[in-house]
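Student: First residue of the sequence shown? That's 1 in the UniProt record's numbering, and the numbers climb one at a time after it. Positions of the beta carbon are idealized from the N, C-alpha and C atoms, including for glycine.
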Amino acid sequence: MIPVNIMGLKPPNDTQLLARIVLLCNVEVELVQLLLQNNYNPNYPQNCSDIISVTIDGRTTSVDMSPLHLAMYEGQKDITELLLKYGAEVNRQTKLGKTALHMASMFGHTDALELLLQHGCDIDAVDCGNNTALAYAINGQHPSTTKLLIEGGASLENINDNDASFLDMVLFFN
Numbered sequence: 001m002i003p004v005n006i007m008g009l010k011p012p013n014d015t016q017l018l019a020r021i022v023l024l025c026n027v028e029v030e031l032v033q034l035l036l037q038n039n040y041n042p043n044y045p046q047n048c049s050d051i052i053s054v055t056i057d058g059r060t061t062s063v064d065m066s067p068l069h070l071a072m073y074e075g076q077k078d079i080t081e082l083l084l085k086y087g088a089e090v091n092r093q094t095k096l097g098k099t100a101l102h103m104a105s106m107f108g109h110t111d112a113l114e115l116l117l118q119h120g121c122d123i124d125a126v127d128c129g130n131n132t133a134l135a136y137a138i139n140g141q142h143p144s145t146t147k148l149l150i151e152g153g154a155s156l157e158n159i160n161d162n163d164a165s166f167l168d169m170v171l172f173f174n
């Protein structure tokens, strides 16, 4: 592997570096590609007990999201494409049950979301509150994301833990 040190980040082990870099959000695609070509794991953390702690400007943040989740947070389509090419698990869930599709829907990143759909993600995956990606798209008031999910076959029948249906959410949030 090529030793990489970015902005003074010195991870406790090499497996965390890719996730830490994607967490910085404004990273260049070429850097992520270089790491993936050097066998950095696109699925770290492997499970919910592998929490990543990142210190930026003296503040520490802990996340249990994979690099794919983090790429969805900012809608980084090019990085999403790379991560999927190198084997990122498209249906991977955080300890709260959120998938990359939930993240993309929450923030209205329709282009990146489309890539997840093309790679066979579970369009009706539910999080710990029984919310689907469609619920997040409606809640975030992202009409193009909502439309893409419905056209992609998202169920309109789900009821979340607050007893809210698709129709309830549409009426409440719009």
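(1) Measure the CB-CB distance between A136 and S105 and report whether it falls below 9 Å.
(2) Skipping 5 residues on each side, what residues in its chain have a beta carbon closer than 8 Å to that of G87?
(3) Take N13 and list the residues in its own chain whose beta-carbon comes closer than 7 Å to its own, dropping the five residues that flank it on each side.
(4) Can you find the residues in the same chain that come closer than 7 Å, C-beta to C-beta, to I79, ignoring five residues on each side of it along the sequence?
(5) Just curious, the alpha helix (DSSP H) that D124 is in, first and last residue?
(6) From I159 to V90, what distance separates their C-alpha atoms?
(7) Is it buried or exposed, P67, if we count other Cβ atoms within 10 angstroms and call 16 or more buried?
(8) Among L117, G108, L116, whose alpha-carbon lies nearest the alpha-carbon of N139?
(9) On a CA-only basis, which of Y40, L82, D168, C121 is nearest G152? Give me that one, please.
(10) Which residues in the same chain as K98 place their Cβ atom closer than 6 Å to its Cβ, once the five residues preceding and following it in sequence are excluded?
Tutor: The relevant details are as follows:
(1) Note on identity: in this sequence residue 136 is Tyr, with Ala being the wrong assignment. A contact, by the Cβ cut-off of 9 Å.
(2) P42, N43
(3) With a pLDDT of 48 at N13, under the threshold of 50, the modelled position of this residue cannot be trusted; read the value that follows with caution. So no residue of the chain qualifies.
(4) V22, V29, V32, A71
(5) Where D124 is concerned, there is no enclosing alpha helix (DSSP H), given that its DSSP letter is neither H nor E.
(6) 23 Å
(7) buried
(8) G108
(9) C121
(10) D127
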